[in-house]
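A.B. asks: What follows is a structure written as structure tokens; I'll ask about it next.
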Amino acid sequence: MIGSMVAYAMQMLSKWEEMVERGGQMGCEIRVDEDLKDVSTDVISRKALESSIWETVKERETECVEAHKTDLLQLILDGAMHSYDGNLGDKSVYKRFVVDNCKSIVVAGHESTAVSVTMRLYPPTPIVGREAFTDIRLGNLMVPKGVCIWNLNPALHRDPEIWGEDANEFKQERFSEGISKACKYPQSYMPFGFGPRVCLGKNLAVLEAKVLESLIVS
């Protein structure tokens, strides 16, 4: 898994270097967020599907087998062709259409490009909902059975009563002793949710973020 992360990250960095060289003194615009999402997409599709999105797309474009007309990927390819009337002069636009739709299926909502500090300030899961299975009292608030409570993570992660007066500051030392000592109530840190319904991709997302950051700054 780490080998795939490194390989795709190096491809991304090589592309950035080429863009900088071509830009010269005029500079260039690099969409870091989009490129990081593309790396995540390729890593996941490589391990889960044993092929990258574009290897599969290339096979479909060359084979043109009628049986493929019924599956979801073929519908995406047909949609891309229809959107641009079969004109692939701007291949990058066509590719972006296909990649964005594949990402929506494979890694929907996948925003795993941060570590603990950044995920506290900018949580990938902005809202977490919970339903009361029985009547329950939370402090002075009575929550009847069946009522859903929606928690706004950005507000929770910046609450001075939980994180201190410096709640809005980017301080890496805050997590130096782990999440248990990072704030007043450890359960208040839930960038990927909390409890038995925590995001299944949590560990992969954190590992991927560390690999990418180490390569980018090295």
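Residue numbers (the UniProt record's numbering): 1 to 218.
Heads up, the beta-carbon is just placed ideally off N, CA and C, and yes, glycines get one too.
#1: Do the CB positions of residue 220 and Cys148 come within less than 8 Å of each other?
#2: Where do the N-terminal and C-terminal ends of the alpha helix (DSSP H) with Val20 fall, by residue?
#3: Tell me whether Trp163 is buried or exposed, calling it buried when 16 or more other Cβ atoms sit within 10 Å of its Cβ.
#4: So what does DSSP say about Tyr185, is it helix, strand or coil?
#5: Would Ser180 be called buried (16 or more neighbouring beta carbons within 10 Å of its own) or exposed?
#6: With the cut-off set at 8 Å, would you say Val115 and Ala209 are in Cβ contact?
#7: Is it buried or exposed, Asp33, if we count other Cβ atoms within 10 angstroms and call 16 or more buried?
#8: Closest by CA to Arg158, which one among Gly139, Met190, Leu141 and Met142?
#9: Please classify Phe192: is it buried, with 16 or more other beta-carbons within 10 angstroms of its beta-carbon, or exposed?
#10: Are Pro123 and Pro160 touching if we call contact CB-CB under 8 Å?
#11: Whose C-beta lies closer than 8 Å to the C-beta of Met19 among residues of the same chain, with five residues either side of it excluded?
#12: Could you give the first and the last residue of the continuous beta strand (DSSP E) run that contains Leu200?
C.D. replies: To lay it out plainly:
#1: Residue 220 lies beyond the range of the chain shown here (1 to 218); nothing can be said about it.
#2: As a position in the sequence shown, residue 20 is number 20, starting the count at 1. Residues Ile2 to Gly23.
#3: Along the sequence shown, read from residue 1 onward, the residue named residue 163 stands at position 163. With 16 or more Cβ atoms within 10 Å of its Cβ, Trp163 is classed as buried.
#4: Here residue 185 refers to the residue found at position 185 when the sequence shown is read from its first residue. Note: Tyr185 maps to coil in three-state DSSP.
#5: For the purposes of this step, residue 180 is taken as residue 180 along the sequence shown, with counting starting at 1. Exposed, since its Cβ has fewer than 16 Cβ neighbours within 10 Å.
#6: Working through the sequence shown from its first residue, we reach residue 115 at position 115. Working through the sequence shown from its first residue, we reach residue 209 at position 209. Result yes, Cβ atoms of Val115 and Ala209 sit closer than 8 Å.
#7: Walking along the sequence shown from the start, residue 33 turns up at place 33. Flag for Asp33 reads exposed.
#8: Here residue 158 is taken as the residue at index 158 of the sequence shown, counted from 1. Taking each of Gly139, Met190, Leu141 and Met142 in turn and checking the Cα distance to Arg158, the smallest one comes out for Met190.
#9: Numbered from its first residue, the sequence shown carries residue 192 at position 192. Buried: at least 16 other Cβ atoms inside 10 Å.
#10: Locating residue 123 in the sequence shown gives position 123, counting from the first residue. Locating residue 160 in the sequence shown gives position 160, counting from the first residue. Result no, Cβ atoms of Pro123 and Pro160 do not sit closer than 8 Å.
#11: In the sequence shown, the residue the question calls residue 19 occupies position 19. Shown here for Met19: same chain residues with a beta carbon closer than 8 Å to its own, the five before and five after excluded, namely Cys28 and Ile30 in chain order.
#12: Residue mapping note: residue 200 aligns to position 200 of the sequence shown, counting from 1. Judged by DSSP secondary structure, Leu200 falls outside any beta strand (DSSP E); it is assigned neither H nor E.
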